[in-house]
Amino acid sequence: MRSAARLYAVQALFQMETSGQTVEAVVREFETHRFGEVFDEVEMEEGDPKHFRKVVDGAVNWQAKIDQMTDRALVAKWPIDRIDPVIRALFRAAGAELVDMDTPPKVVINEYVDVAKAFFPEGKESKFVNAVLDHMAREAKPTAF
């Protein structure tokens, strides 16, 4: 359920950025309509609502710090505002767990690399996500390595 909550958190953060909706409106929509929703006869997993809220709230509350960490992990000529908005949302969700939660960094990296694979199954994005998150994790929690 936490893995599903992470996927939903990335979707929610993406939706907030692209639609301009408030965190409260998006969280309410996901918890009441998206968790367990049926798409093309496939039922989506239930997400852990507590973990989902912590990730989304942490991403919003710590966004400036997370974006700065992400910028430091990216190449100088490729700032966070130039990357794909789904990946940007993913970095913010993962950053929330690294900055504001007790999730072990290696778990954060593995879980969000899997999220990247779900969104980009054919691409190289998961390797890019892995490299950036590794850099961010070493900055946020150096004693874990």
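Okay, so the sequence shown: first residue is 0 according to numbering that gives the first Met the number 0, each after it adds one. Where a beta carbon is used, it is the ideal one built from N, C-alpha and C, also for glycine. Fair warning: this is a prediction, and the values are worked out from it, not measured in the lab.
**OP:** Would you mind sorting residue 146 into buried or exposed? The rule is 16 or more other CB atoms within 10 Å of its CB.
**Re:** Residue numbering for the chain in the displayed model covers 0 to 144; residue 146 lies beyond these limits and cannot be assessed.
**OP:** Note the first and the last residue of the continuous alpha helix (DSSP H) segment covering residue 48.
**Re:** 48-60
Original post:
residue 28 by DSSP, collapsed to three states: which one?
Top reply: helix
**OP:** In angstroms with no decimal places, state the Cα-to-Cα distance between residue 54 and residue 11.
**Re:** 10 angstroms
Original post:
Should the stretch 63-83 be called in touch with the stretch 109-117, which here means at least 3 C-beta pairs below 8 angstroms?
Top reply: no
**OP:** Specify the secondary structure class of residue 110 as computed by DSSP and reduced to three states.
**Re:** helix
Subject >> Contact the stretch 64-77 vs the stretch 126-139: 3+ CB pairs below 8 angstroms >> reply: yes
Subject >> Option in 125, 44, 101 and 24 with minimal Cα separation from residue 0 >> reply: 44
**OP:** Excluding the 5 residues preceding and the 5 following residue 14 in the sequence, name in chain order all residues of the same chain whose CB lies nearer than 6 angstroms to its CB.
**Re:** 25
Subject >> residue 123 (DSSP reduced to helix, strand or coil) >> reply: coil
Subject >> Proximal residues to residue 90 (C-beta, below 6 angstroms), its chain only, five neighbours per side dropped >> reply: 69
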